[in-house]
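Peer 1: For reference, the structure I am asking about is given below.
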Amino acid sequence: MKLKIEGLSKAFDGNQVLRGVDLEFAEGELSVIVGASGTGKSVLLKHVVGLLKPDAGRILVDGQDIVALSEDDLMAVRRRFGMIFQSAGLLQSLTVGQNVGIVLEELQGKGTAEVGEIVTAKLKAVGLDGREDQMPATLSGGQRKRAAIARALTTEADCLLFDEPTAGLDPVIAATIDEVIRKVNETTGATTIVVTHDLASIFAIAQKVHMLYEGKVIFSGTTDEFRASDDKRIKEFLARDMAAQNSR
Ligand SMILES: Nc1ncnc2c1ncn2[C@@H]1O[C@H](COP(=O)(O)OP(=O)(O)OP(=O)(O)O)[C@@H](O)[C@H]1O
Ligand SMILES: [Mg+2]
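Heads up: the sequence shown begins at 61 in my numbering, then just goes up one per residue.
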């Protein structure tokens, strides 16, 4: 999927969060969005999947503006996205296999045997082979994230959105999640957007970095360009995160 965001603005009760965001994501590209807490990264992702409506601006999915679409038409577009929320969002009363298969069964009406096969394949893709019958509560934080990624993969999405996939995980587990994200991007060719604070993640996976600052995009470029930037706000971001990582 090709994705383009033009002049996106959004305020909540006088709190101007997005102030004309322009972003472009090429087909199959793995991009990272960074920025301080509260700058509107999650709000931006929610606009992309149509969960929020902007005050102004356009969101072009393969050239089609989705902002004006009816709820019905939006449903069809939403199927093309896989969103992995920060909380992982697994249903605690269902097994891992049932969680991964829920979209196939509930939305696509596939039969048990076919669902089983797809679930097995997707769990394998994220390194959770044979965990179908386990309950989410018995998984580690990183394994839960991976199960959520497996579920997103069942939608055959051509755009995957990750909101802080490695937050709260120790560096070793975080690195395995990065590896899964990279592998999934490579094998599915889905346009992939990752919101993260994690410097190690940025440099491990990003083909492109975008930085949001006070509701605007102040940087778009490669990781090398990001690291070499003279912009004071970027330097501060890199220095602060470096300090946080060294103190872990
Ligand atoms: N539904 C909402 N109603 C009102 N205000 C909201 C809503 N959602 C987000 N906001 C506000 O928008 C701002 C940006 O929130 P957002 O969740 O996008 O931040 P973020 O960049 O994702 O931060 P973090 O890194 O902490 O996750 C915040 O000030 C938040 O209070
Ligand atoms: Mg957020």
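Beta carbons are placed, not taken as given, at the ideal position from N, Cα and C, and that holds for glycine. These numbers come from a predicted model, not from an experiment.
Which complete alpha helix (DSSP H) runs does the region 148-181 hold, if anything under 4 residues is left out?
Peer 2: Restricting attention to alpha helix (DSSP H) runs no shorter than 4 residues, the region 148-181 encloses them at 156-162, ordered along the chain.
Peer 1: Using three-state DSSP, classify residue 70 as helix, strand or coil.
Peer 2: strand
Peer 1: Does residue 232 pass the burial test, meaning 16 or more other C-beta atoms within 10 Å, or should it be called exposed?
Peer 2: Per the 10 Å Cβ criterion, exposed.
Peer 1: Measuring only from the beta carbon, is residue 72 closer than 7 Å to any heavy atom that is part of ligand 1?
Peer 2: yes
Peer 1: Using three-state DSSP, classify residue 258 as helix, strand or coil.
Peer 2: coil
Peer 1: Which one or two residues does DSSP pair with residue 124 in a beta bridge?
Peer 2: DSSP lists 121 as partners of residue 124.
Peer 1: Using the Cβ count rule (16 or more neighbours within 10 Å means buried), how would you classify residue 172?
Peer 2: Exposure of residue 172 is indicated by the presence of fewer than 16 other C-beta atoms within 10 angstroms of its C-beta.
Peer 1: Run through the DSSP bridge pairs and tell me what residue 143 is partnered with.
Peer 2: 221
Peer 1: Would residue 94 pass as a contact of residue 256 if the rule is Cβ separation under 8 Å?
Peer 2: yes
Peer 1: Along the chain, where does the alpha helix (DSSP H) that runs through residue 108 open and close?
Peer 2: 101-108
Peer 1: Could you give the distance in angstroms between the alpha-carbon of residue 183 and the alpha-carbon of residue 263?
Peer 2: 26 Å
Peer 1: In terms of alpha-carbon separation, which member of 80, 147, 128, 114 lies closest to residue 224?
Peer 2: 147
Peer 1: I need the DSSP call for residue 275, collapsed to helix, strand or coil.
Peer 2: coil
Peer 1: When the Cα atoms are used, what is the spatial distance from residue 101 to residue 77?
Peer 2: So the two alpha carbons sit approximately 10 Å from each other.
Peer 1: Terminal residues of the continuous beta strand (DSSP E) containing residue 191?
Peer 2: Unbroken run through residue 191: none, as it is neither H nor E.
Peer 1: Return yes when the C-beta of residue 117 is under 7 Å from any heavy atom of ligand 1, and no when it is not.
Peer 2: No; taking the cut-off as 7 Å, the Cβ of residue 117 has no heavy atom of ligand 1 nearer than that.
Peer 1: Could you say which of 269, 292, 294 lies nearest to residue 91 if we only look at CA atoms?
Peer 2: 269
Peer 1: Tell me which same chain residues have a C-beta within less than 6 Å of the C-beta of residue 222, skipping the five on either side of it?
Peer 2: 144, 254
Peer 1: Is the region 188-203 touching the region 154-173 in the sense that three or more CB pairs, one from each, lie closer than 8 Å?
Peer 2: The region 154-173, when compared against the region 188-203, does touch it at the 8 Å Cβ threshold.
Peer 1: Which residues does DSSP list as the beta-bridge partners of residue 79?
Peer 2: 69
Peer 1: State the start and end residues of the unbroken alpha helix (DSSP H) segment that holds residue 134.
Peer 2: Segment 131-138, the alpha helix (DSSP H) holding residue 134.
Peer 1: Would the beta-carbon of residue 224 be found less than 7 Å away from any heavy atom of ligand 2?
Peer 2: yes
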